[in-house]
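Numbering (the numbering used here), first residue to last: 20 to 173.
Beta carbons are placed, not taken as given, at the ideal position from N, Cα and C, and that holds for glycine.
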Amino acid sequence: MVKLSATFILAVLLILSGCSLSEKRMTNLDIIKSTYEGKTSEENGENLAKYVAEDISWTEAKGFPYGGTYTGLESITKNVFSRLGGEWIDYKFTPEDYVANEDKVVAYGTYTGTYKLTGKPFTARVAHVWKLKNGKIVSFEQFVDSQPVNDAIK
20 MVKLSATFIL AVLLILSGCS LSEKRMTNLD IIKSTYEGKT SEENGENLAK YVAEDISWTE
80 AKGFPYGGTY TGLESITKNV FSRLGGEWID YKFTPEDYVA NEDKVVAYGT YTGTYKLTGK
140 PFTARVAHVW KLKNGKIVSF EQFVDSQPVN DAIK
C-alpha cells in the first residue's frame, strides 16, 4: 500500500483545480474575431469595449465620411459608431478573412448599408488593421474604397 502525504494530495488538488478553473487566454486573432462575429452588434460592441486599451488610437480613412483619428472609446463611439448607427440602415462589415502575425491582425471584407437620407445602398471593399499589446487593442486603422460610401450619401 502506498501512503501519500497530505501535502502531496493538497498540491495535486490545487494543480487540478487550477487547470479546470483557468481560463484559456484568447489569442490576438480570437480577440479581433470577437468584435465582428458575435451573435449581435451589441455583443460585438461589448467585446470591443472589453479589449480596447484606454488610450486606443482609431483612424478612419481620409476621404471616408467619418475620416480622422480618435483617441479613446468614448471619442470613437461619438464620432464613428453613433453616427453609423444613426445615419445608416443595416450598416455592417462582413469579414471575408483574417491575417494574423504577432501583435497585428488584419480583417478584410465588405461594408454594406443604405444611407437613410438618400435611400441609396452601397457596397465597398475594406481592410482593418488592428494592433494589440498584452491582450489589449491599442490601435485600429481603416483602409476603404470611400467612393461608393460617399456616392450613397449624395
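*Have a look at residue 80 and residue 145 and give me their C-alpha separation to the nearest angstrom.*
Rounded to the nearest whole angstrom, the CA to CA distance from residue 80 to residue 145 is 10 Å.
*Would you call residue 47 buried or exposed, if buried means 16 or more other Cβ atoms sit within 10 Å of its Cβ?*
So residue 47 ends up on the buried side.
*alpha helix (DSSP H) segments (min. 4 residues) lying fully within the region 71-120*: Every alpha helix (DSSP H) stretch that sits fully inside the region 71-120 and reaches 4 residues is listed by chain position as 92-95, 101-106.
*With a 10 Å radius around its C-beta and 16 neighbouring C-beta atoms as the bar for buried, classify residue 92 as buried or exposed.*
With 16 or more Cβ atoms within 10 Å of its Cβ, residue 92 is classed as buried.
*Comparing alpha-carbon positions, which option in 160, 96, 88, 134 lies nearest residue 123?*
Cα-wise, what sits closest to residue 123 is 160.
_Pairwise C-alpha distance: residue 133 and residue 108_ = About 5 Å.
*From 67, 163, 131, 71, pick the residue whose C-alpha is nearest to that of residue 153; which is it?*
For the residues 67, 163, 131, 71, the minimum Cα distance to residue 153 belongs to 71.
*Looking at the unbroken alpha helix (DSSP H) that takes in residue 52, where does it start and where does it end?*
For residue 52, the uninterrupted alpha helix (DSSP H) segment begins and ends at 47-53.
_Residue from 63, 59, 44 whose Cα sits closest to the Cα of residue 53_ = Ranking 63, 59, 44 by Cα distance to residue 53 puts 63 first.
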